[in-house]
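Read the structure below first, then the notes.
So this is what it looks like as structure tokens:
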């Protein structure tokens with residue numbers, strides 16, 4: 047019943063947003079789809095829209111970006127190229143799999159600076175993350191609809207707020223925010239976004255992988271392990287996320303499990 051209900055909504059969104067251009071998509075000589083949403087469409091998981099038989103994910107690598115100008119800027123951003131990685135995991139009774147996820151991700155990134163639980167502090171993040179090619183956080187996330195600059199990620203000794211992030215040097219990094227609602231933003235006039243995504247892009251990140259809703263920590267840990275395994279095999283960032291989502295979809299058919307994470311920026 048829940049799958050059917052979700053399918054109905056996703057099909058209605060597909061009919062309204064993508065069906066009018068379906069002939070063009072069918073004739074495209076690429077499977078790479080870049081979405082520049084408007085308004086509330088920033089909260090839509092375009093890769094999970096369905097024509098009733100297939101999800102967009104089944105045929106396309108989907109990425110999103112707030113504007114075409116920012117998309118071009120992200121393509122120009124280059125990581126330091128030193129192979130440095132920072133992986134942070136903070137677990138508790140509500141997200142016990144966060145620690146396992148962090149260990150799994152770090153195993154795919156040789157030499158990664160791994161900080162778990164009491165070692166995953168604000169000071170350690172501010173020290174380790176700058177200059178990294180990869181930054182991964184597995185922790186609680188909190189979106190503040192009343193004041194999105196206070197949207198934050200929970201480290202061991204406090205909250206890393208969106209307002210604090212732009213001061214970091216994350217030039218060219220792939221930043222994965224494996225936390226609830228880490229990709230939600232307040233959309234202001236002119237499609238200006240305020241939230242964690244804008245904060246990390248403002249810090250110089252080339253690519254973000256963020257979530258649009260509350261996530262299941264067990265399936266998220268599985269997804270992230272598959273994502274970084276695919277990256278280690280030489281896949282692009284968008285290819286790796288798509289493959290991880292397709293793999294998870296086999297065992298967890300409902301989009302709630304496989305569709306919350308979106309790729310923003312460089313593919």
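Numbering (the numbering used here), first residue to last: 47 to 313. Note that beta-carbon positions come from the ideal geometry of N, C-alpha and C, so glycine has one too. As the structure is a computational prediction, the values presented were derived from the model and not from experiment.
Considering only the alpha carbon of each residue, which of the options lies closest to residue i?
i	options	result
residue 270	84, 153 and 76	153
residue 225	105, 148 and 300	148
residue 51	300, 245 and 136	300
residue 213	58, 223, 142 and 244	244
residue 141	293, 272 and 263	263
residue 115	63, 289, 74 and 238	238
residue 91	117, 72, 58 and 169	58
residue 127	169, 207, 233 and 178	178
residue 306	94, 71 and 72	94
residue 223	281, 78, 282 and 308	308
For residue i and residue j, what's the separation of their Cα atoms in angstroms?
i	j	result
residue 279	residue 286	9 Å
residue 164	residue 181	18 Å
residue 261	residue 144	12 Å
residue 47	residue 215	For residue 47, the predicted model reports a pLDDT of 48, less than 50, meaning its position is unreliable and no value from the coordinates is stated.
residue 247	residue 265	26 Å
residue 100	residue 304	15 Å
residue 277	residue 155	10 Å
residue 122	residue 310	14 Å
residue 274	residue 172	23 Å
residue 65	residue 291	23 Å
residue 61	residue 284	24 Å
residue 210	residue 242	10 Å
residue 74	residue 120	23 Å
residue 129	residue 88	32 Å
residue 98	residue 86	23 Å
residue 206	residue 118	28 Å
residue 204	residue 193	18 Å
residue 298	residue 53	14 Å
residue 236	residue 197	21 Å
residue 111	residue 78	13 Å
Checking 8 Å against the spacing of the C-beta atoms, do residue i and residue j come in under that value?
i	j	result
residue 11	residue 185	Because the chain spans 47 through 313 in this model, residue 11 falls outside it and cannot be assessed.
residue 150	residue 202	no
residue 189	residue 161	no
residue 56	residue 109	no
residue 113	residue 82	yes
residue 240	residue 228	no
residue 158	residue 137	no
residue 258	residue 272	no
residue 63	residue 288	no
residue 146	residue 267	yes
Report buried or exposed for residue i, applying the criterion of at least 16 other Cβ atoms within 10 angstroms of its Cβ.
i	result
residue 256	buried
residue 67	exposed
residue 84	exposed
residue 296	exposed
residue 313	buried
residue 187	buried
residue 316	For the chain, the structure presents residues 47 to 313; residue 316 sits outside this window and is missing.
residue 76	exposed
residue 69	exposed
residue 234	exposed
residue 208	buried
residue 175	buried
Would you be able to state if there are at least three C-beta pairs under 8 Å between the region 216-232 and the region 242-252?
yes
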